[in-house]
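Residue numbers (my numbering): 253 to 904.
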Amino acid sequence: QEGTKIPSKRKQNTSIVTSDLLHKNLLKSEQKHWNNISPTYKAMTKRIKEKLEELHNMYTLSSRSPRMRFGENVYFEENGCIFLAKADDDEGNAEILFSVEDLGFSDAFIQRIRISPDQRYMAISLKSENSEEATCIIMKLGNLPVVEKVIPSVFSFEWAANDVLYYTAQKNLKCQNVFMTTFTYQKHTKLVYTEQDARFFVDLYCTKDGRFLTINSNSKTTSEVWLVDCRRPLESPSLVQARTTGIIYHIEHRKDQLYILTTYGEPAEYKLMKAPVASSGKENWQIVYALEKKTKLVDFEMFSDDCIMFLKNAGHLYLNVISFVSHSVQSIKLPTWACEFELESHPEYTTSTCYFQLSSPIHPPKRFAYSFKENNLIEQAVQEVPIITNCHTTRLLAKSKDETLVPITVFHNKNSKELHRRPLLVHVYGAYGIDLNMSFKEEKLMLIEEGWILAYCHVRGGGEQGLSWHRDGCQHNKLKGLHDLRACITLLHQLGFSQPKYTALAAASAGGVLAGALCNIDPALIRAMVLQAPFVDVLNTMMKTHLPLTIEEQEEWGNPLEDEKCMKYIKSYCPYQNIKPQCYPSVFITAYENDERIPLTGILQYVQKLRKAALDHASRTSKKGNWIPSIILDVQASGSHCDSSWEHSLNE
253 QEGTKIPSKR KQNTSIVTSD LLHKNLLKSE QKHWNNISPT YKAMTKRIKE KLEELHNMYT
313 LSSRSPRMRF GENVYFEENG CIFLAKADDD EGNAEILFSV EDLGFSDAFI QRIRISPDQR
373 YMAISLKSEN SEEATCIIMK LGNLPVVEKV IPSVFSFEWA ANDVLYYTAQ KNLKCQNVFM
433 TTFTYQKHTK LVYTEQDARF FVDLYCTKDG RFLTINSNSK TTSEVWLVDC RRPLESPSLV
493 QARTTGIIYH IEHRKDQLYI LTTYGEPAEY KLMKAPVASS GKENWQIVYA LEKKTKLVDF
553 EMFSDDCIMF LKNAGHLYLN VISFVSHSVQ SIKLPTWACE FELESHPEYT TSTCYFQLSS
613 PIHPPKRFAY SFKENNLIEQ AVQEVPIITN CHTTRLLAKS KDETLVPITV FHNKNSKELH
673 RRPLLVHVYG AYGIDLNMSF KEEKLMLIEE GWILAYCHVR GGGEQGLSWH RDGCQHNKLK
733 GLHDLRACIT LLHQLGFSQP KYTALAAASA GGVLAGALCN IDPALIRAMV LQAPFVDVLN
793 TMMKTHLPLT IEEQEEWGNP LEDEKCMKYI KSYCPYQNIK PQCYPSVFIT AYENDERIPL
853 TGILQYVQKL RKAALDHASR TSKKGNWIPS IILDVQASGS HCDSSWEHSL NE
């Protein structure tokens, strides 16, 4: 109405406007800095790029997309096209069903494929490199495949029956709603489950025998599973076991028994248990197999008469086969060079052979098969991949501040003389119970060929020695991971692997916490640091509950908003909070403008503060031989958090 006074909004928004402006100005100045400095490296990047492309072409012969077999039909995807072939026919005769371009998604890649039991429908998810969210497209297969439905922002989806699809919706990196949609004459979509707790993330999975669809609600420490009976897919889901703080469990099914992979009981490491479907509460869970101490469960796969566990113990990989028929456990030690394994996706439930790939940072993936009938391991020599023979793999143990032994994996060229003069690249992660990524990377092989030493420090906070290894390095134990890293690098130097002036440290994402913290407490230990989308401002990020991941991350870092002790503790190691004038190593950081997981503002402020501290120190100490570190930030306009497409990693 006329004369009504409008309250001024100017005051409350000033801080938002100012910080926005600050962000834009910081970003502009960093982009300018990058544009000035990057030409200096032109000749070097050209040489490296050519070498990496050569290695890539040599070693990627082996990678083929997974095959999905349904009776006589085999489906697979290559270069954005979906193919259908006959099982006993040559794949050269496969027909193209449709392509991503046909659907109008030229810049997207296929992330997941699910085919309905009667093969009348295919659901695929398409994701572009610049987004965390995927679009689900349901195709009706036939002589001419037709787009039946398009669902935006989907995370996981599974067929519960021929024409019933369940899916989870993703918003702000969270999945909390499960929907069911039907494709028969009465098409409809309805909400079947909602997760109320912001710390929990919901995804879907079908048991290998196809009997149940599971709705899994997991936080970092606790889980709850609901079952949808695929024989009656429209009925409400039933609860297996109500969530109990600290107990994680996952469900498989075989012959009216639920097989439960869980941390329930002592010690709090993974065990395989079972219970009847009709009485699935934890009071009825019976032990089938328990893991040994300090053993990491990497993967688990169910088959009709056996299950397979991929395990890691003392840096070595093992394959354990548990027979449900003979009640025996067979343990097979895998080749010592192997550091990573990957099960070939969609193995058939009734198959007699299980296929998987082994690799290491410097060994391209090699295909192996385990035969249940013969009870042995077969190396698949499909094509001649030259195996790297001139490289040493060494496994060491460093004694940390509290006497804990921390594993290190070291690779170096056998022909390298005077190792103490060789450059060393140290890798660290140490968070979320996730192992350091040790899969094959062309650039690692290139470094070995050029005389570098590579070291992987399996510090606490990661998952290399089971769940307790993670618990020992999270929340109020974060500093243990830092002490571990320091002990690892010190031991490497003591044993004659390089020296501080030739040592570089590499970390990505949450690995940036330990790397950045080491830089503050002992900068003389390394000469350079390379970070990818690093988490460097733990305190400010954990104080902002409006950010998508803050609430669920409290189980990893603690809650500084409600716990002053926790706030002081985070402040004691947070990389951004502890920058001071001293002689820092040189730093190269890659960040992504649209990264939803690591806010760019924190990285911009970190770089600015670090550069200022290094300059302050240099101006105070003008002694001879004093050097000013290069602190460089490359902000990429495209790409999302630590995205690893070949083109992206090549440019990086």
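Every residue, glycine too, gets a C-beta built ideally from N, C-alpha and C.
Can you say whether residue i is buried or exposed, counting buried as having 16 or more other CB atoms within 10 angstroms of its CB?
i, result
"residue 721", "buried"
"residue 681", "buried"
"residue 798", "exposed"
"residue 411", "buried"
"residue 584", "exposed"
"residue 898", "exposed"
"residue 768", "buried"
"residue 358", "exposed"
"residue 270", "exposed"
"residue 255", "Here the model assigns residue 255 a pLDDT of 45, short of 50, so the residue's position is not dependable, and the following value carries that caveat. It is exposed - the Cβ of residue 255 has fewer than 16 other Cβ atoms within 10 Å."
"residue 927", "Shown here, the chain extends from 253 to 904; a query on residue 927 therefore has no answer."
"residue 670", "exposed"
"residue 477", "buried"
"residue 387", "buried"
"residue 259", "Because residue 259 sits at a pLDDT of 44, beneath the cut-off of 50, its placement in the model cannot be relied upon, and the point is left open."
"residue 413", "buried"
"residue 776", "exposed"
"residue 301", "exposed"
"residue 470", "buried"
"residue 773", "exposed"
"residue 468", "buried"
"residue 511", "buried"
"residue 377", "buried"
"residue 328", "buried"
"residue 475", "buried"
Shortest alpha-carbon distance to residue i belongs to which of the options?
i, options, result
"residue 581", "299, 590, 560", "560"
"residue 496", "606, 734, 515, 485", "515"
"residue 824", "863, 763, 728, 786", "728"
"residue 822", "765, 338, 386, 857", "765"
"residue 737", "719, 714, 748, 723", "714"
"residue 563", "600, 521, 598, 531", "521"
"residue 343", "454, 753, 324", "324"
"residue 579", "541, 590, 593", "541"
"residue 936", "684, 704, 509, 695", "This structure cannot settle anything about residue 936, because the visible part of the chain is limited to 253 through 904."
"residue 856", "364, 887, 831", "887"
"residue 627", "347, 604, 610", "604"
"residue 575", "312, 706, 556, 692", "556"
"residue 427", "291, 836, 800, 277", "800"
"residue 283", "885, 900, 891, 494", "885"
Does the separation of the CB atoms of residue i and residue j fall below 8 angstroms?
i, j, result
"residue 781", "residue 756", "yes"
"residue 865", "residue 827", "no"
"residue 661", "residue 567", "yes"
"residue 417", "residue 409", "yes"
"residue 863", "residue 850", "no"
"residue 889", "residue 845", "yes"
"residue 462", "residue 613", "no"
"residue 513", "residue 501", "yes"
"residue 425", "residue 904", "no"
"residue 420", "residue 430", "yes"
"residue 338", "residue 361", "no"
"residue 400", "residue 373", "yes"
"residue 750", "residue 675", "yes"
"residue 615", "residue 692", "yes"
"residue 499", "residue 492", "no"
"residue 453", "residue 481", "no"
"residue 703", "residue 668", "yes"
For residue i, list the residues DSSP reports as bridge partners.
i, result
"residue 569", "564"
"residue 200", "Here the chain has residues from 253 to 904 only, and residue 200 is not among them."
"residue 659", "649"
"residue 665", "643"
"residue 360", "380"
"residue 781", "757, 839"
"residue 434", "416"
"residue 475", "470"
"residue 411", "417"
"residue 427", "422"
4 or more residues per run - each alpha helix (DSSP H) lying fully within the stretch 706 to 765: 719 to 723, 730 to 746
Start-end ranges of the alpha helix (DSSP H) lying completely within the stretch 807 to 834, minimum 4 residues: 816 to 825
Contiguous alpha helix (DSSP H) assignments of at least 4 residues, all confined to the stretch 281 to 339: Restricted to the stretch 281 to 339, the alpha helix (DSSP H) segments that are unbroken, complete and at least 4 residues in length are 294 to 311, listed in chain order.
Any beta strand (DSSP E) of 3 or more consecutive residues that is wholly inside the stretch 537 to 621: 538 to 542, 547 to 554, 558 to 565, 568 to 575, 581 to 585, 592 to 595, 605 to 612
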